[in-house]
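J.: Before anything else, here's the structure in question.
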Amino acid sequence: GAVVSQHPSWVICKSGTSVKIECRSLDFQATTMFWYRQFPKQSLMLMATSNEGSKATYEQGVEKDKFLINHASLTLSTLTVTSAHPEDSSFYICSAHDRYGYGYTFGSGTRLTVV
Amino acid sequence: AQSVTQLGSHVSVSEGALVLLRCNYSSSVPPYLFWYVQYPNQGLQLLLKYTSAATLVKGINGFEAEFKKSETSFHLTKPSAHMSDAAEYFCAVSEGGAAGNKLTFGGGTRVLVKP
Numbered sequence: 001g002a003v004v005s006q007h008p009s010w011v012i013c014k015s016g017t018s019v020k021i022e023c024r025s026l027d028f029q030a031t032t033m034f035w036y037r038q039f040p041k042q043s044l045m046l047m048a049t050s051n052e053g054s055k056a057t058y059e060q061g062v063e064k065d066k067f068l069i070n071h072a073s074l075t076l077s078t079l080t081v082t083s084a085h086p087e088d089s090s091f092y093i094c095s096a097h098d099r100y101g102y103g104y105t106f107g108s109g110t111r112l113t114v115v
Numbered sequence: 001a002q003s004v005t006q007l008g009s010h011v012s013v014s015e016g017a018l019v020l021l022r023c024n025y026s027s028s029v030p031p032y033l034f035w036y037v038q039y040p041n042q043g044l045q046l047l048l049k050y051t052s053a054a055t056l057v058k059g060i061n062g063f064e065a066e067f068k069k070s071e072t073s074f075h076l077t078k079p080s081a082h083m084s085d086a087a088e089y090f091c092a093v094s095e096g097g098a099a100g101n102k103l104t105f106g107g108g109t110r111v112l113v114k115p
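Just so you know, the protein sequences line up as chains A and B, in that order.
The first sequence begins at 1 in this note's numbering and counts up by one.
The second sequence begins at 1 in this note's numbering and counts up by one.
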């Protein structure tokens with residue numbers, strides 16, 4: 001089946017630094033990548049949608065200069081949290097969609113803690 | 001805009017009993033509907049999906065869901081709960097009734113299985 005590898009699974013960083021999260025589709029081409037944020041005991045909140053080779057489309061209220069998304073290839077998308085602050089601490093999940101029937105495949109998530 | 005409502009943020013069932021998780025959606029077009037399961041600190045795993053074929057959809061781990069257009073519902077059931085079913089469950093609808101569009105998630109239902 002389709003697999004999306006998300007790394008790192010957890011990261012602790014100092015306030016003011018940047019963190020990059022990677023999502024790779026291992027056995028299919030991810031034409032669209034979605035990035036979500038999930039607070040404890042809550043549902044997933046869509047942050048942005050990206051198509052390979054195009055600029056990401058951000059949801060209302062999401063700072064595009066803070067959450068940089070790159071989808072340079074059909075198998076790799078990255079989310080960079082720039083100048084992270086404690087309020088950015090959260091669980092981030094990517095989801096890849098392919099056009100050939102695998103549907104939406106989710107990464108295993110990244111627990112970000114900013115101290 | 002699409003929306004998804006999951007009735008009951010918490011459901012407690014005894015091992016071997018019926019599991020019933022309720023999901024109602026709103027959509028102006030025929031929807032694509034999904035049920036996902038999430039274990040702690042993990043991503044989402046697809047249980048099943050409805051994409052305008054058979055209204056009774058069978059998924060993994062003994063789960064099934066029935067699409068009822070008249071009731072705008074897509075309830076998830078499993079005849080006999082197992083301890084391993086304890087997790088968070090999310091219902092989702094694909095915007096615009098098409099694959100590849102962003103998903104709108106319900107608030108989630110946490111299932112507790114009592115021995």
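The beta carbon of each residue, even a glycine, is placed where N, CA and C say it ideally should be.
From a predicted model like this one, the values you see are computed outputs, not experimental measurements.
1) Can you name the residues that DSSP bridges to B:Thr104?
2) Considering Cα atoms alone, identify which of B:Thr72, B:Ser73, B:Pro79, B:Gly8 is closest to B:Asn61.
3) What does the alpha-carbon distance come out to for the pair B:Ala87 and A:Tyr104?
4) Apart from the five residues just before and just after A:Thr49, which ones in its own chain have a Cβ nearer than 7 Å to its Cβ?
5) Would you kindly work out how many angstroms separate the C-alpha atoms of B:Pro30 and B:Ala65, rounded to a whole number?
6) Against chain B, which members of the region 25 to 52 of chain A pass a CB distance test of less than 9 Å?
7) Near B:Arg110, what residues of its chain come up, given a Cβ to Cβ distance below 6 Å and the 5 sequence neighbours on each side ignored?
8) Is B:Asn41 close to chain A? Criterion is C-beta to C-beta, closer than 8 Å.
9) Say whether the region 11 to 31 of chain A touches the region 66 to 76 of chain B, bearing in mind that this needs 3 or more beta-carbon pairs closer than 8 Å, one atom from each stretch.
10) When DSSP labels each residue in this structure, what does A:Asp98 get in the three-state scheme?
11) Name, please, each residue of chain A whose Cβ falls closer than 8 Å to the Cβ of B:Phe67.
12) Quick one: residues in its chain with C-beta nearer than 6 Å to the C-beta of B:Arg22, no 5 flanking neighbours on either side, listed in chain order?
13) When you compare only the Cα positions, how much space is there between B:Val4 and B:Asn24?
14) Which complete beta strand (DSSP E) runs does the region 59 to 93 of chain A hold, if anything under 3 residues is left out?
15) Return yes when the Cβ of A:Ile93 is within less than 8 Å of the Cβ of A:Leu46, no when it is not.
16) With 9 Å as the limit, tell me which residues of the region 98 to 111 of chain A have their beta carbon closer than that to any beta carbon of chain B; keep them in chain order.
T.: Considering the structure as presented:
1) Answer by DSSP bridge pairing, in chain order: B:Val93.
2) Nearest of B:Thr72, B:Ser73, B:Pro79, B:Gly8 to B:Asn61, Cα basis: B:Pro79.
3) Rounded to whole angstroms, the separation of the alpha carbons of A:Tyr104 and B:Ala87 is 20 Å.
4) Shown here for A:Thr49: same chain residues with a beta carbon closer than 7 Å to its own, the five before and five after excluded, namely Thr32, Phe34, Ala56, Thr57 in chain order.
5) Computed Cα separation, rounded: 16 Å.
6) From the region 25 to 52 of chain A, only Thr31, Thr32, Phe34, Tyr36, Gln38, Lys41, Gln42, Ser43, Leu44, Met45, Leu46, Thr49 have a Cβ closer than 9 Å to chain B.
7) Within the same chain, B:Arg110 has close Cβ partners His10, Glu88.
8) Yes, contact with chain A.
9) Too few Cβ pairs lie closer than 8 Å, so no.
10) Strand, per DSSP.
11) Those do not exist, as B:Phe67 stays about 16 Å from chain A at its closest Cβ, beyond 8 Å.
12) Taken in chain order, the residues that qualify are Leu7, His75.
13) A straight line joining the alpha-carbon of B:Val4 with that of B:Asn24 spans about 6 Å.
14) Runs found: 67 to 73, 76 to 81.
15) A distance of 8 Å or more separates the beta carbons of A:Leu46 and A:Ile93.
16) Residues passing the 9 Å Cβ filter: Asp98, Arg99, Gly101, Gly103, Tyr104, Thr105, Phe106, Gly107, Ser108, Gly109, Arg111.
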